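Notes to accompany the following structure.
Protein chains in written order, with our numbering: chain A, -19 to 259; chain B, 265 to 1268; chain C, 3 to 176.
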């Protein structure tokens, strides 16, 4: 399990990184924390011609608050964000979900943007980004654009990112007044990819549920405030719509059951919290 | 960890003397391990930490992506041309120097270390690339092209028995390689007379020990005397040394096996190094240089070794009080693609104790061994025990529920009585010692069973799913070398000659300054043998622990060993520590003669204690131990003639109780028999199906405990592995033989956050058959815990049958009340998927502007195919309906080059055609077919309908159904979407692919 | 910086256990291989090469990292610490190491270096770590021998000793 050969560029600046991926297109891969990419390199599932390391780019290191969102750049490691003072106040959903992302050791290296760019349908960070209706900030040598999370994730490890673009940052909307957030997941072991993960955002008018691990990308649904059988029906429809698959860890039926059960649990929790802060 | 001198009362001291140790300062104490300082400082010497000879080359192994296929050709030209690659060796290239590994059973199975013309499991070696370093060797593997013709595979042991099943080894003619029936007592009468009978059928799944260190081999061949020097983290030599030497066609003394000083764990699994030892030795011979191979984790999971999976139907005859009078075992053992020595040992290891802890006198046993297209099996901790105790202890629980009795009472009623030891079982084992009822009673009392029952009652009152399970098990240790011959008939055994015994050996050496070295052939895999041997020998000589140094790295060219030497069947404490004690005692007794001559006292009056050899009656008459020990080096003239040189003693010991199977197939398969009684309380979460272990109590009687800390470590370690086997781990295969557990994200080992509290209790019934009274202890929980948990789950959910692993998805389904909520109106439910069926299915429809005739023409046009086969680099037309192409397929970053073979059939122009394709490449292989229908849409265009079935195997399947099955779907879907796009006259718009996939059911 | 050519070897310079280290590697060389075979630091073990088992865990700039998921070229200029640095001097054990020995928290010892490095890094930043936190840290590693209980006990005790608290002399296997 050794990687195939590749060239390596430790980019000192954003421009250097963007120029490299502009020149090499699909042959180039960005590496940040490496926690998703390097296993695939070792297994030779991917054989890029060039790796562009963005972890030494000073300007991509520090998260900043901007227009009601926390903008987390490509170089921010998961552990740094989890250790951020008041993160549970700023981003309660992410603070609840991050401890489920891998282990202490992988969070110390892995980045948020790396997880988003990798687009594993079971991953927690893409799920939170979708649940919060966040944005992905993409930049190429020619242009910069922002894509809604819902539109960014296309399928299993497939995103809207063009070959010459870098996920420069993600924008995570900060806690909104009168809004409740909840997260829950079921995995085989602690730290595993979720079999099903659910993230809920509920305010006075609407409830939003995002589900990971079932469809080929994190998928969200919005409803007016529902409860009782109306909520059951909505969750049941969603469970069937996601097209759950079978694998060695879980059956499709189990995944649908978890969508119904965890979905209800997190929506109720978030609704309760929303009621509390509306006081 | 204090280890104060044992100044206890005279009574225990007397007992210890009776067991052979005069002054037990260390034995029985949890002294700190002598191994640990080096291991904690990064100074371990594992196989990959040792330097190797300059010029050593590195090997990587290309492995089969198919479960069953003929090898039509291997093109290694590009790999051989790669700078840094020294050789590419196929099965044919090595056939003259590497013969088959002979199994324990005469059967015409092909058991080679590398495939020749045919592969029979995913991961089977197909070629070895030898290069300057491992990276280059893997580069070489990527460049080899193998052409396979896929054969149908069989993975289920019962399916393998069917007349129409694909046959793995034509020489055998069928997949059943052994079928023996045994009869003990009068089972027919017992069944006829019994008021009740009951059966359970169990499918025990595959798992493995997964040591953290993988296999490693460094081999060199010396043509000047036709000999091999082999360094391997093998746990033998034991019987396998002979098998490896024979495969390499050299006598045993031309195969020098050395093992590294440290091993990163085995749990039986390192036995499977043997075929790789053959393979790398043969490669080294071919390239004329030393070759090193360190297995990687994906190789290890796919193709190292697995415990057997087994289908068992067990029937009991019993009375109204649950007393079992007879058992009828029907076992179908699945040894995978071939019988790899010492298989089918897994099936026979337990033969003497098929009645477990119970006094059952009448048995019928049918043992069948089958081969299937899965990795060959071998030693895994527990070795045959879990497969036996699972049905036996499930059955005991079932009997209790059937009679409305407490399972604990049924267990107690059937236990072998305390006064019956040594107890001869119906199948021939001689249980050495024990007090099962007392162990059970003490466990119930000290483990708090009453409190647990209250917790169950409370939980159930709240509507929670809580259950209690029990297991009683006998843990065999120190295998009889002859047990495996029970697979032969008495006549076959007579012809082959009897096999028996369990030779253990140790060498104790005194050096010129009186320090002591112990050498054993026990090949420890982390269990702390060096510490225990130092304890034993230091106590015999009455010297400090650090005056004894133990070496355990083995060299078959120089060290004492026998065919029984090695690390298996929990033989260390019982056999090896005992023989070390004997060697040391013999030296001590002769040292006493040396000292007696100098002190002018009687040797019998001398006592070895406190670093001195002193008269018991006159303490002033004393010599330092070191002085006496060095005498034969410095002053042999002082040694009485009849004593001889007192420098080195090699002792061999084999227990007389281990005799060969008799005419009636009775076999004392193991020397020692420990006892385990476990119980646990578990809760199944209704919402998630997750199993929560509320309390687990494990009572052990492993005879005399030599080192309590290590016994504790063995029990806890075994428990954790058993928990893994019960709940998390499975070496999973698809129906097509694709291997599905290829990474540690798929084969799930428990971590610190999954392990519940474990309450370990002990009783000590010393074995009368071993020198120190000790028995094995390391394997017991692997035998008892899986079924104990299953019994508790069955109690919680009110189940009659449950198989492992106890996954949340399975438990949630079993706990579910009622049907699943139906899909909303107007939406079809997903078709139910058969377990193990990995076929990807899809249907869809697209409308395009071209006429059916135009679309039809496209389908038969290579230029069009080039554009619709995703990533095709040109299509070669072999006939009007047969095409070949090189393609690059990828989803996200996962990209690979493949060779594609496409045929069109069942042509019905211009209405329908079947398109079949197969792709093969380094990342795996896929195959499938789709029926395409074309119909006019009434507006000048065409409605294209398609339905396909496809499957994916090889690396892509092994590294995560979770990640990559979905990716494969996208790739396959890509073909159909491209066809539609092309047929639409290039009017595809961005996003069409995604919408098509949505329609195909790939995503929401 | 210039692009490093795939087929050439390149010298990287970093701090290893407090001393300068130089090693020539290809861009694809994993840190595990650079440490073990390039620099002879064989205390860092290789268990899975896909980031799950944790045997290869080292500290990079004070944070735990899977060396098998780290390219050697990426540690240019970093501070790398391995198990070889844990003992205060040759022949003595550090607090964490001694606690492991006392509690029989290792058997084959193959996974141990990684666990020690994770705990060492964690306890340096969080001396007041709870048992639950330490269990989670250990949860990022696989050990097949011990069943984890003695490792957790050793970690809890070592944390207490490092905080200067006196520990109860309880047998580790109780």
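Glycine is no exception: its CB is placed at the ideal position from the N, C-alpha and C atoms. Note that the structure is a prediction, hence the values are computed from the model and not measured.
Take the alpha-carbon of residue 1167/B and the one of residue 413/B: they are about 16 angstroms apart. In this structure, the CA atom of residue 506/B is about 41 angstroms from the CA atom of residue 679/B. When the beta-carbon positions are compared, residue 1042/B and residue 149/C stay at least 8 angstroms from each other.
With 16 or more other Cβ atoms inside 10 Å of its own Cβ, residue 1039/B counts as buried.
For residue 460/B, the uninterrupted beta strand (DSSP E) segment begins and ends at 460 to 468.
Listed as beta-bridge partners of residue 22/C by DSSP are 17/C. With a cutoff of 8 angstroms on beta-carbon distance, residue 1151/B and residue 1137/B are scored as near each other.
Ranked by Cα distance from residue 482/B, the first of 771/B, 816/B, 540/B and 739/B is 540/B. With a cut-off of 8 angstroms on Cβ pairs, the stretch 756 to 769 of chain B is not in contact with the stretch 943 to 951 of chain B, counting fewer than three such pairs. When DSSP states are grouped into helix, strand and coil, residue 417/B belongs to the coil group. Chain order gives the chain B residues near residue 26/A as 1157, 1158 and 1159, where near means a beta carbon separation below 7 angstroms. Within the stretch 480 to 530 of chain B, complete alpha helix (DSSP H) segments of at least 4 residues are found at 502 to 511, given in chain order. Within 7 angstroms of the CB of residue 697/B, no CB atom of chain C is found; the nearest one sits about 23 angstroms away. Residue 1081/B and residue 1246/B have their C-alpha atoms some 50 angstroms from each other. In this structure, residue 609/B and residue 327/B do not form a Cβ contact; the two beta carbons are roughly 25 angstroms apart against a cut-off of 8 angstroms. By the beta-carbon neighbour count (other beta carbons within 10 angstroms, threshold 16), residue 1219/B is buried. Non-local beta-carbon contacts of residue 1147/B in its own chain, meaning distances under 7 angstroms to residues more than five positions away in sequence, involve 1126, 1129, 1139, 1140, 1141 and 1166 in chain order. Between the alpha carbons of residue 244/A and residue 211/A lies a distance of about 8 angstroms. Here DSSP, grouped into helix, strand and coil, assigns residue 5/A to helix. Using a Cβ-Cβ cut-off of 9 angstroms, residue 122/A is close to nothing in chain B; its nearest Cβ partner there is about 18 angstroms away. Contacts between residue 1048/B and chain C, judged by CB atoms closer than 9 angstroms, are missing: the closest CB pair is about 15 angstroms apart. Closest in C-alpha terms to residue 288/B, from the list 670/B, 799/B, 1073/B and 733/B, comes 799/B. Look at residue 150/C: its C-beta is not under 8 angstroms from any C-beta on chain A.
Taking a contact to require three or more Cβ pairs closer than 8 angstroms, the stretch 1046 to 1062 of chain B and the stretch 697 to 711 of chain B do not qualify as touching. Taking residue 1060/B as reference, the option from 881/B, 719/B, 1002/B and 987/B with the minimal CA-CA separation is 719/B. For residue 11/C, not one C-beta of chain A is nearer than 8 angstroms to its own C-beta.
Residues of chain B with a Cβ closer than 8 angstroms to the Cβ of residue 237/A are, in chain order, 1076, 1080 and 1084.
Bounds of the alpha helix (DSSP H) holding residue 120/C are 114 to 127.
For residue 552/B, the three-state secondary structure derived from DSSP is coil.
The straight-line gap separating the alpha-carbon atoms of residue 334/B and residue 816/B is approximately 44 angstroms. Using beta-carbon distances, residue 220/A counts as an interface residue toward chain B, with a partner under 8 angstroms. Just so you know, the alpha carbons of residue 297/B and residue 68/C end up roughly 28 angstroms apart. Within the stretch 100 to 115 of chain C, the residues whose Cβ lies closer than 7 angstroms to any Cβ of chain B are, in chain order, 102, 103, 104, 106, 108, 109, 110, 111, 112, 113, 114 and 115.
DSSP places residue 825/B in the coil class of the three-state scheme, outside both helix and strand. DSSP places residue 783/B inside the beta strand (DSSP E), whose first and last residues are 780 to 784.
The three-state secondary structure of residue 817/B, taken from DSSP, is coil.
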